[in-house]
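All remarks here apply to the structure that follows.
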Amino acid sequence: MPMMRAVDAIVLILEKEGATEAFGLPGAAINPLYSAMRQHGGIRHTLHRHVEGASHAADGYSRASGKIGLCLGTSGPAGTDMITGLYAAIADSIPMLCITGQAPTNVLHKEDFQAVDIESIAKPVTKYANTVLEPGLVPGTFAKAFQIMRSGRPGPALIDLPINVQLAEIDFDIDAYEPLAPTKPHATRGQAEKIVDLLLSGKRPIIIAGGGVINANASDKLVLLAEELNIPVSPTLMGWGIIPDDHRLQSGMVGIQTHTKYGNQTFLASDVVLGIGNRWANRHTGGLNTYRAGRKFIHVDIEPTQIGRVFSPDLGIISDASAVLDLLLEIVRERKSAGSIPDYSDWANECTARKSTNHRKTNFDNIPIKPQRVYQEMNAAFGQDTTYVSTIGLSQIAGAQMLHVYGPRKWINAGQAGPLGWTGPASLGVVRGKPGEKVVALSGDYDFQFMIEELAVGAQFKLPYVHVVVNNSYLGLIRQSQRPFEMDYHVSLGFDNINSPETNGYGVDHVKVAEGLGCKAVRVTDPAKLAEGFAEANRLAEEHQVPVVVEVILEKVTNISMGAQLDGINEFEDLALEVGDAPSALVPMTSGTRVSA
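For what it's worth, my numbering labels the leading residue of the sequence shown as 1, then goes sequentially.
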């Protein structure tokens, strides 16, 4: 076989595995791998300003493209900087591969410069972490990592490469290398029959569609199943977009934070629930006594330890979402031909009609701007082809209550981990994963200030997107969670900026910072100017091919609807009383529509 450096073999393996998009920073201990990438030319690399930012970009790329993004860094702190990114990825079942350099094997036990046991540190937040101590193990280690990342519930991996291992010569023939087939559990025909039997035993069934459906690229199949049965679908936060928001069977998101009022009401009216590829996350369920009362549950998930983790379902099936949906469609069509499927038209129509009720008011003219108006204008300014990126905070919660998403992988969100600073660099990865498509990020001012230096990456590599920053100069979600303690303690970010008095006590001048990092920025203080501001941002992004920040100056204190139980959501603002109160609602209010608290 041909002799080559281990790093040259690695680059050939990455190409054959389809992992050709890298985000990272070179350094002494990883330079051999960079030399191999430079010589080979088949791996595109984006140079970041922070390794954590590179890890979030790789994560965003993986979520947007369905491929495996790469994060590269040197030894020591580069690996520890990746840990937050790995945590965000494993929490949401996202495969991405982190590769770190390492000190030579003969000094790993001598506290050598930047020699850290990154394998042990990374194991709790990866599916696989390994420091390769023998050069001959390199091909097999990468093959195993890719197989593990793709098998079962997807997730990230980290491979640590001592510099002498990278430089060692090994026998390797890429033509003899084949990716290992991932293993995925498949439901049996008998199990699928039981699912259909229990689902159709109800008078008001509903499907909860989770992120596992998107990971399995099975969104179309799930929509077909809902259409064949004529029953409503509620996506989870990670599954948002599986069924377009404007589909008649999309019944609204359920939850105690990210939800619609009509979505919660439809769920509470249901009697049988089929969850596919979901985790029963606590922000979705709220209190389990309310969530489970009067309903039977079927849970289908690819990960065996997810079945019964939160509560024991009436029927639990371990299966890949795509595989089980194939069987369910087959069985439902057979029964439909035999005339044995119940008619759920009245239930479906009831759920569709409910979407015209209980809208939250968004059409506020207040100055400073109320956040609800921002999402109303975003719905008008950004079309159905838009991919939104967000992570955590009142901005994300309100956005999920009021924005509209029209397809899978068009809502990119760090759902479970929710690390501040994720949104910006993840958006750069999304742009890499969706070249030429419209990408719009949504952040509060605090999330935006974390990793803000990553804007320069977008400017350097011409990665255009629009970043909407709703600025109330507050840690809004934390302030709201402090209300039961009757305090407002260390959550204000406002100060009088001596260099930018025009910020009027809101502190950081995000416009100047963005411009200083090579991007464009627009500040909006009047709700009547939001449409103009978004249009200008679209124009600037198209013209200059750089990130464009739209800073919206909000009122400092706004409480967003949330609660502890699905039937106990606290509404802090007025509900819509007429069509003009919620002009961007998916289904406009009709005359005679009644609202309830």
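For each residue, glycine too, the CB sits at the ideal point set by N, CA and C.
What you are looking at is a predicted structure, and each value in this text was computed from that prediction instead of being measured.
Taking just the CA atoms, how far does residue j sit from residue i?
{"i": "residue 303", "j": "residue 487", "result": "42 Å"}
{"i": "residue 579", "j": "residue 589", "result": "5 Å"}
{"i": "residue 223", "j": "residue 116", "result": "48 Å"}
{"i": "residue 73", "j": "residue 65", "result": "22 Å"}
{"i": "residue 220", "j": "residue 242", "result": "8 Å"}
{"i": "residue 273", "j": "residue 23", "result": "41 Å"}
{"i": "residue 235", "j": "residue 49", "result": "35 Å"}
{"i": "residue 18", "j": "residue 240", "result": "26 Å"}
{"i": "residue 461", "j": "residue 41", "result": "17 Å"}
{"i": "residue 37", "j": "residue 541", "result": "30 Å"}
{"i": "residue 442", "j": "residue 104", "result": "43 Å"}
{"i": "residue 582", "j": "residue 305", "result": "42 Å"}
{"i": "residue 518", "j": "residue 449", "result": "16 Å"}
{"i": "residue 564", "j": "residue 418", "result": "19 Å"}
{"i": "residue 330", "j": "residue 372", "result": "43 Å"}
{"i": "residue 514", "j": "residue 453", "result": "9 Å"}
{"i": "residue 504", "j": "residue 538", "result": "27 Å"}
{"i": "residue 141", "j": "residue 10", "result": "10 Å"}
{"i": "residue 51", "j": "residue 97", "result": "13 Å"}
{"i": "residue 109", "j": "residue 13", "result": "30 Å"}
{"i": "residue 473", "j": "residue 113", "result": "40 Å"}
{"i": "residue 421", "j": "residue 61", "result": "16 Å"}
{"i": "residue 484", "j": "residue 572", "result": "15 Å"}
Considering only C-alpha positions, which residue in the set the options is nearest to residue i?
{"i": "residue 118", "options": "139, 86, 136, 513", "result": "86"}
{"i": "residue 171", "options": "278, 187, 3, 332", "result": "3"}
{"i": "residue 177", "options": "144, 208, 560, 474", "result": "144"}
{"i": "residue 101", "options": "167, 95, 288", "result": "167"}
{"i": "residue 469", "options": "27, 163, 508, 518", "result": "508"}
{"i": "residue 271", "options": "210, 204, 520", "result": "204"}
{"i": "residue 150", "options": "126, 160, 286", "result": "126"}
{"i": "residue 328", "options": "537, 472, 51, 187", "result": "187"}
{"i": "residue 398", "options": "360, 422, 385", "result": "360"}
{"i": "residue 411", "options": "430, 393, 432, 387", "result": "387"}
{"i": "residue 277", "options": "348, 136, 322", "result": "322"}
{"i": "residue 180", "options": "332, 16, 122", "result": "16"}
{"i": "residue 286", "options": "477, 301, 267, 300", "result": "267"}
{"i": "residue 165", "options": "5, 337, 537", "result": "5"}
{"i": "residue 163", "options": "7, 20, 532", "result": "7"}
{"i": "residue 75", "options": "93, 29, 43", "result": "29"}
{"i": "residue 312", "options": "289, 330, 482, 334", "result": "289"}
{"i": "residue 68", "options": "430, 373, 169, 309", "result": "430"}
{"i": "residue 562", "options": "216, 331, 393", "result": "393"}
{"i": "residue 227", "options": "214, 295, 206", "result": "206"}
{"i": "residue 280", "options": "435, 92, 44, 108", "result": "92"}
{"i": "residue 549", "options": "568, 511, 499, 157", "result": "511"}
{"i": "residue 94", "options": "189, 45, 154", "result": "154"}
{"i": "residue 175", "options": "169, 193, 139", "result": "139"}
{"i": "residue 213", "options": "444, 440, 459, 407", "result": "407"}
{"i": "residue 569", "options": "60, 255, 211, 484", "result": "255"}
{"i": "residue 137", "options": "112, 156, 169", "result": "169"}
{"i": "residue 557", "options": "533, 482, 275, 499", "result": "482"}
Give me, in chain order, the residues of the same chain whose beta-carbon lies closer than 7 Å to that of residue i; leave out the 5 immediate sequence neighbours on both sides.
{"i": "residue 584", "result": "362, 376, 379, 380"}
{"i": "residue 1", "result": "171, 172, 173"}
{"i": "residue 385", "result": "437, 438"}
{"i": "residue 325", "result": "218, 221, 222, 225"}
{"i": "residue 229", "result": "332, 341, 344"}
{"i": "residue 536", "result": "522"}
{"i": "residue 308", "result": "316"}
Residues in the same chain with beta-carbon distance under 8 Å from residue i, minus the five sequence neighbours each way, listed in chain order, please.
{"i": "residue 369", "result": "524, 525, 526, 527, 530, 552, 553, 554, 555"}
{"i": "residue 593", "result": "Residue confidence for residue 593 is low, a pLDDT of 43 falling below 50, so the modelled location carries little weight; the figure read from the coordinates is stated next. Within the same chain, residue 593 has close Cβ partners 356, 357."}
Leaving out the 5 sequence neighbours to the left and right, which residues in its chain are closer than 6 Å to residue i when beta-carbon positions are compared?
{"i": "residue 160", "result": "100, 102, 118, 119, 131"}
{"i": "residue 54", "result": "23, 24, 48, 71"}
{"i": "residue 317", "result": "187, 191, 300"}
{"i": "residue 31", "result": "none"}
{"i": "residue 198", "result": "298, 315"}
{"i": "residue 57", "result": "23, 425, 428, 429"}
{"i": "residue 185", "result": "318, 319"}
Can you find a CB in chain B that lies within less than 7 Å of the CB of residue i?
{"i": "residue 57", "result": "Here there is only one protein chain, and chain B is not present."}
At a cut of 8 Å, does the segment 349–369 reach the segment 247–255 through at least three beta carbon pairs?
yes
Complete runs of the alpha helix (DSSP H) confined to the segment 371–422 [at least 4 residues]: 371–381, 394–402
### Query
For the segment 436–524, which segments carrying the beta strand (DSSP E) assignment without a break, of at least 3 residues, lie completely within its bounds, in sequence order?
439–444, 466–471, 520–524
Output the residue ranges of the beta strand (DSSP E) runs that lie fully inside the segment 94–170 and measure 3 residues or longer, sorted by chain position. 96–102, 128–131, 157–162
message: Pairs of beta-carbons, one from the segment 492–505 and one from the segment 331–343, closer than 8 Å: are there three or more?
response: Judged by Cβ distances under 8 Å, the segment 492–505 makes no contact with the segment 331–343, as fewer than three pairs qualify.
### Message
As an exercise, report each continuous alpha helix (DSSP H) stretch of at least 4 residues that is fully enclosed by the segment 9–97, in chain order.
### Response
31–40, 51–65, 77–81, 83–91
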